[in-house]
Structures are given as C-alpha cells and as structure tokens.
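What follows is one structure encoded as structure tokens, with my remarks underneath.
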Amino acid sequence: MFSAWTEFKKGKGKKIDAQEFALNLEDNIFSLQYELADGSYRHSQYSSFYVYDPKLRHIHKACVRDRLLHQAVARVIEPIFERQFIFDSYSSRKEKGTHRAIARLAKFAWRLSQNNTKTVWALKCDIRKFFDSVDHNILECLISKKIDDKKLISLMQEVIRSYETCPGKGIPLGNLTSQLFSNIYLDELDQYVKRRMRTKYYVRYADDFVLLSQSKEELEKSLIELNIFLNLELKLELHQGKVFLRKFHQGVDFLGYVIYPHHKILRTKTKKRICRKIQLGRTEMRRGIIEPDKFKSSLQSFLGLLKHCRGEGIKRRMSEQ
Numbered sequence: 000m001f002s003a004w005t006e007f008k009k010g011k012g013k014k015i016d017a018q019e020f021a022l023n024l025e026d027n028i029f030s031l032q033y034e035l036a037d038g039s040y041r042h043s044q045y046s047s048f049y050v051y052d053p054k055l056r057h058i059h060k061a062c063v064r065d066r067l068l069h070q071a072v073a074r075v076i077e078p079i080f081e082r083q084f085i086f087d088s089y090s091s092r093k094e095k096g097t098h099r100a101i102a103r104l105a106k107f108a109w110r111l112s113q114n115n116t117k118t119v120w121a122l123k124c125d126i127r128k129f130f131d132s133v134d135h136n137i138l139e140c141l142i143s144k145k146i147d148d149k150k151l152i153s154l155m156q157e158v159i160r161s162y163e164t165c166p167g168k169g170i171p172l173g174n175l176t177s178q179l180f181s182n183i184y185l186d187e188l189d190q191y192v193k194r195r196m197r198t199k200y201y202v203r204y205a206d207d208f209v210l211l212s213q214s215k216e217e218l219e220k221s222l223i224e225l226n227i228f229l230n231l232e233l234k235l236e237l238h239q240g241k242v243f244l245r246k247f248h249q250g251v252d253f254l255g256y257v258i259y260p261h262h263k264i265l266r267t268k269t270k271k272r273i274c275r276k277i278q279l280g281r282t283e284m285r286r287g288i289i290e291p292d293k294f295k296s297s298l299q300s301f302l303g304l305l306k307h308c309r310g311e312g313i314k315r316r317m318s319e320q
C-alpha cells in the first residue's frame, strides 16, 4: 500500500483530495488494509464530470482511497497478464504508446509492400462504445483464468461491479484498473486475430486496430470473422461508421494521424482543433485571463505533436494567429 502511494501521488501534489488523504496517511492506509484483510471493503461512489478529449467524454472519478487501491491492485496483477499480451498491443503499457503503434504500422506496411512495389490494403476498425459495453461476467471469467486467489478475485469483482452503464455492463473512463481491464478483455481479440485468423500484420491501440494485407478479399473475409467473434465471444460491436477498407497509399487514419507510405500528417479535425485552441489561448493571454507561460506551455505541447509528422502548413498558421 505504501509503495502504491508513492506511485499514486506523483503529479498530484497540488490536488486537494490527495493532500487531505496525506494528512493522515498512515491511519488511512492501515484502515484500508484492515478492511481488505477482513473482507469488509466496499468501493465508494464515483464523482462524474465531462472533458473534451477531443470529443466529449464522461469521466467517472473514484475517491483517493479507492484510487490508491486501484494502484495497489494493478501493481500485483499487471505483471501476471503482461506476459500473455501480444507485442503489438500498444495502449497503457510500458515502452508502448501511440507513436510506437504508428511506427509499427508504417513498418508493417513498408515490409508488406516490398519497398512500396506491391499494393497494401488496410482494414481499420473501431469498437462501438467499448468501455460502456464491457461485460462484467466475461471480464471476471478472464481474470479468474489467471488468478486463483479467492480473496483477490472477490476484490476484483467489487471493483468491477462498482460501476455500470446498464446491468452487468461497463467500466469507467478514468480508473487505472480500467486501462488494465481493457487490455485483459481485448487480449481475447488479439489472440484470436493472431492465433486463429493467422493475421501477421496487426496493430491495436485500445479499441482501435488495423489489419494489413496484400489481398482485399482476405480483409473482407477477416471483417466478417471479426464481427462474429466480437459479437459471440465478447458481446461487442464494431462501429460501422468507423470501419474502412482502403489502399494504404491513400492514407490510413489512425490515432490522430493519417499515415502514408513515406510520411504522416495530422488528421484534419486535429489540425482545426489545435488552431482553435491556439487562437483562443492567444486571445485569453492578451486579455489577461491566462499567464503567458501557460500559453507558451500549451503552444509547446502542440508543437510536440508536429514533431512526429509533416506540419509546415499548420506551423505557419500557428505563427500567424
């Protein structure tokens, strides 16, 4: 618990709820430990709020006590499941992330195209309302396959069932455990794609994933198989409005970028959003609503995005605004 607290408090020094918990740290931690030991622990209610990231998202936030427990639990069970995850799963894992997922996809496409001499087809898929659709019974079953400690299983059930969008469904955006649970849940998809479908070129980040092939017909068949598997085994659905099958050289929209054989660019919506935020930030700075240092910090974070792609045009627009 104390080790988990050391990790949990990073970057939260100015948060009021974390400060209040730290005032009586030992008492709070030992109280939580006693409840875990005698089985009386119950997860508290969530507070909720909305953020734009970039679309409107409904976040559910647990109290510090519960989030500390999430941290402790993740420290114990994550290594158990990490060993079984495929290499090309890139969300919420050490030494992974969006940019490595994009680089891996580009590398796959280059290899499959035989140095850009063969046509490569890309099947891009997105799972509809994934976090809201996770089935509690299926998730608990998947966890039980790897963990046989009854107390820990009972604790996992308490965390999983602390939130639902409808009876027996849903995990909250914002929980550390939800990131791990999503990887455990979608590892079933990864294993199916790699072991059963024998798909060699596959990259997944959270509920977005891409399959590559030289054969359009092969990917059309794969799409049918994926729909059946997700529906029957995981009770999930593909977002039909976000599924596309196209030639790779036409550009693949993945994780905020459009990826081409020799370069990548920011997707149009991302560019427009950045320009709007910069314009708003510059206006607020001139009116004295925000400090110049805060605006410069935001500007640097946007410029950081552009380091990973072609962005001369948007850089000029940023300087002109």
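With numbering that gives the first Met the number 0 applied, the sequence shown corresponds to residues 0 to 320, in that order. C-beta atoms are modelled at their ideal positions from N, C-alpha and C, and glycine is treated no differently.
Given that a residue counts as buried once 16 or more other Cβ atoms are within 10 Å of its Cβ, and exposed if not, what is Phe-180?
Answer is buried; the Cβ neighbour count reaches 16.
Considering only their Cβ atoms, is the gap separating Trp-4 from Arg-67 smaller than 8 Å?
Residue 67 is actually Leu in this sequence, not Arg. Result yes, Cβ atoms of Leu-67 and Trp-4 sit closer than 8 Å.
Compute the distance between the beta-carbons of Ala-108 and Phe-243, then report whether it is under 8 Å.
Against a cut-off of 8 Å, the Cβ pair of Phe-243 and Ala-108 comes out as no contact.
Given that a residue counts as buried once 16 or more other Cβ atoms are within 10 Å of its Cβ, and exposed if not, what is Ala-36?
Exposed, because fewer than 16 other Cβ atoms sit within 10 Å of the Cβ of Ala-36.
Quick check: the segment 231 to 245 against the segment 118 to 135, are there 3 or more CB pairs under 8 Å?
With a cut-off of 8 Å, the segment 118 to 135 and the segment 231 to 245 count as touching, because enough Cβ pairs lie within range.
Give me, in chain order, the residues of the same chain whose beta-carbon lies closer than 7 Å to that of Phe-253; leave out the 5 immediate sequence neighbours on both sides.
Cβ neighbours of Phe-253 beyond the five flanking positions: Ile-101, Leu-104, Lys-123, Asp-207, Val-209.
Can you tell me whether DSSP reads Asp-26 as helix, strand or coil?
In this structure, Asp-26 counts as helix in the three-state DSSP scheme.
If you follow the beta strand (DSSP E) that Ile-264 is part of, which residue opens it and which one closes it?
Note, Ile-264: beta strand (DSSP E), 263 to 265.
Taking 6 Å as the limit between beta carbons, can you name the residues of its chain near Phe-20, skipping five residues before and five after?
So the qualifying residues of the chain are Asn-27, Val-63.
Could you spell out the range, first to last residue, of the beta strand (DSSP E) harbouring Leu-210?
From DSSP, the beta strand (DSSP E) with Leu-210 extends over 207 to 212.
Report, in whole angstroms, the separation of the C-beta atoms of Ala-121 and Arg-245, which I expect to be a contact under 8 Å.
6 Å between Cβ atoms; contact.
Pick out whichever of Leu-111, Ile-142, Ser-161, Leu-24 has its Cα sitting closest to the Cα of Ser-43.
It is Ser-161 whose Cα lies nearest to the Cα of Ser-43.
Could you please give the first and the last residue of the uninterrupted beta strand (DSSP E) stretch that includes Cys-321?
No answer is possible for residue 321: it lies beyond the span of the chain, which begins at 0 and ends at 320.
Which residues mark the beginning and the end of the alpha helix (DSSP H) in which Ala-3 is found?
Start and end: 1 to 7.
Quick one: what's got a C-beta closer than 6 Å to Glu-34's C-beta in the same chain, skipping five residues either side?
Cβ neighbours of Glu-34 beyond the five flanking positions: Tyr-40.
Quick one: grab the DSSP three-state call for Ala-121.
Three-state result, Ala-121: strand.
Just reading off the alpha helix (DSSP H) that Arg-99 is part of, what are its end residues?
Residues 97 to 111.
To the nearest angstrom, how far is the alpha carbon of Tyr-89 from that of Lys-95?
For Tyr-89 and Lys-95, the distance between alpha carbons rounds to 5 Å.
So which of Ile-142, Gln-278, Arg-286 has the shortest CA-CA distance to Ser-297?
When each option's Cα is compared against that of Ser-297, the closest is Gln-278.
Which first and last residues belong to the beta strand (DSSP E) in which His-69 is found?
Per DSSP, His-69 belongs to no beta strand (DSSP E); it is in the alpha helix (DSSP H), 63 to 81.
Return yes when the Cβ of Gln-213 is within less than 8 Å of the Cβ of Thr-118, no when it is not.
Yes. Within cutoff.
For the beta strand (DSSP E) holding Ile-258, just list the boundary residues, first then last.
First-last of the beta strand (DSSP E) with Ile-258: 256 to 258.
What residue from Gly-173, Arg-285, Lys-193, Lys-268 has the CA that sits closest to Leu-225's CA?
Minimum Cα distance to Leu-225 is reached at Lys-193.
For Pro-78, count neighbouring C-beta atoms within 10 Å of its own C-beta (all shown protein chains included) and say buried if the count is 16 or more, exposed if not.
The residue in question, Pro-78, is exposed, as its Cβ has fewer than 16 Cβ neighbours within 10 Å.
So if DSSP puts Ile-126 in a beta bridge, which residue, or which two residues, is it bridged to?
DSSP lists Leu-237 as partners of Ile-126.
Got a sec? Which residues, its chain only, sit under 7 Å from Leu-55 by beta carbon, not counting five neighbours each side?
Around Leu-55: Tyr-49.
Pick out whichever of Val-158, Ile-126, Asp-125, Asp-148 has its Cα sitting closest to the Cα of Asn-136.
Of the listed residues, the one whose Cα sits closest to Asn-136 is Val-158.
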